[in-house]
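Scroll down for the structure; my scribbles are underneath it.
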Amino acid sequence: MKSSNNVQKIMKNSPQVMWYWKIKNKRENFNKLYKSEKVVFNKFLKKGFSVLDVGCLYGSLNKALKKFNIDYNGIDTDAKAIKFGKKYQKGVSIHCEDFMKSKKKISKYDFVMALNVFDHYLNWKDVIKNLKKYSSKYIFFTSHLKTQGSTLIDADLSFIPYGKPVKTIAWSVHNIFELIAYASSYFIGAKNIYIYAYNKYHKKNMFGPNNLKLASLSNFPIDPREILVGSVVIELNKNFSEENKFKFTKPTYQIYINNSLYLKSWW
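This note's numbering puts the sequence shown at residues 3 to 269.
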């Protein structure tokens, strides 16, 4: 399959796959992944880990993560993407499934990741709980983040200009400390929490050196220059039990922002 025409023949009308095909070299090559993703993979992925990629599309990360010698598995609700992935990568273990309401018996994996998925759900606490159902050790998701103010999720206001021609998609900006607090609760029972974030929507990246496009700020519910993007990893406490929900140990946490340690737990 050397052209998007071949993809179109298989998929017929799956715009998601067509878009991913255009950037496949960025998602199939480890060195071209986002820095926040590479930091997490290098720190947490171990040889032999069973990995579940939630929202895998056609399973592109199976190629990017080959060097870790993991047992890669993926699920996605796009049946056409799954069909394409199985033809594009013979033997890849990907399946059509909705992790939020799975009808199948749920298997446990060492490392469960949801990249470019988490911040499009309004019911974010349920998302973390459902990711936990699949994990025996780690949960990893990416999101838009901030250090102050409440989590912004509003069906009317939470959107971002996206793609060409310009479309809008629902999004959310999560307060880092709200995420830590919920992961620390008896609903999740975290042992350790690791967050790596960086500024992306700032002047240099988004508005040019002369700041000539400030009018575009009206497209955002909050000033995008205050928004961080990054990775959240929750290590689950295997000894945690909801029966002892008022007797559990606080998880440790580390927060890195723009390559520097921002804050860590003192215990």
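Glycine is no exception: its CB is placed at the ideal position from the N, C-alpha and C atoms.
- Thr153 counts as buried, since no fewer than 16 other beta carbons sit within 10 angstroms of its beta carbon.
- Per the Cβ contact rule, the region 186–198 is in contact with the region 231–245 (3 or more Cβ pairs under 8 Å).
- A check of alpha carbon separations from Tyr184 across Leu117, Lys69, Val129, Tyr90 identifies Val129 as the nearest.
- Contact annotation: the region 119–135 does not touch the region 78–89, with fewer than three C-beta pairs closer than 8 Å.
- Around the beta carbon of Lys82, a 10 Å sphere encloses 16 or more other beta carbons of the protein chains shown; the residue is thus reported as buried.
- Around Thr254, the same chain offers Asn194, Ser267 as residues with beta carbons nearer than 6 Å, after the five sequence neighbours per side are excluded.
- Here the C-alpha atom of Val114 lies approximately 21 Å from the C-alpha atom of Lys26.
- Ile72 and Leu47 do touch by the CB rule: their CB atoms are close to 6 Å apart, below 8 Å.
- Selection Lys139, Asn33, Ala116, Ile108 evaluated against Val56 yields Ala116 as nearest (Cα-Cα).
- Out of Ser174, Ser95, Phe189, the CA that lies nearest to the CA of Ile229 is found in Ser174.
- Scanning Phe120, Ser186, Gly151, Tyr111 for the CA closest to the CA of Ser138 turns up Tyr111.
- In the three-state reduction of the DSSP assignment, Ser52 falls in the strand class.
- Annotation for Lys131: Phe189, Ile190 place their beta carbon closer than 8 Å to its own, counting only its chain and skipping 5 residues before and after.
- Contact between Asn201 and Asn260 holds, since their C-beta atoms are separated by about 6 Å, short of 8 Å.
- Listed as beta-bridge partners of Ser233 by DSSP are Thr144, Tyr198.
- Spanning the alpha carbons of Tyr198 and Ser38 requires a straight line of approximately 6 Å.
- Counted as a single uninterrupted DSSP element, the stretch harbouring Ser262 is not any alpha helix (DSSP H) but the beta strand (DSSP E) occupying residues 262–266.
- Counting the other Cβ atoms within 10 Å of the Cβ of Thr144 gives 16 or more, which makes it buried.
- One alpha carbon belongs to His146, the other to Arg227, and they sit about 12 Å apart.
- Nearest neighbour of Lys49 by Cα position, chosen from Phe70, Cys98, Lys252, turns out to be Phe70.
- Taken in chain order, the complete alpha helix (DSSP H) segments of 4 or more residues contained in the region 54–133 are 63–66, 81–90.
- Judged by beta-carbon spacing, Phe142 lies within the 7 Å limit of Val42, meaning their Cβ atoms are closer than that value.
- Cα atoms of Trp269 and Lys28: separation of roughly 39 Å, rounded to the nearest angstrom.
- Leaving aside the five residues that flank Tyr136 on each side, the residues in its chain whose CB is nearer than 8 Å to its CB run, in chain order, Leu54, Val56, Phe101, Ile108, Ser109, Lys110, Tyr111, Val114.
- Counting other Cβ atoms within 10 Å of its Cβ, Gly151 stays below 16 and is therefore classed as exposed.
- Residue pairing by DSSP puts Ile259 in a beta bridge opposite Ala199, Ser262.
- In this chain, the alpha helix (DSSP H) harbouring Asn27 covers 26–29.
- Burial of Asn64 is indicated by the presence of at least 16 other C-beta atoms within 10 angstroms of its C-beta.
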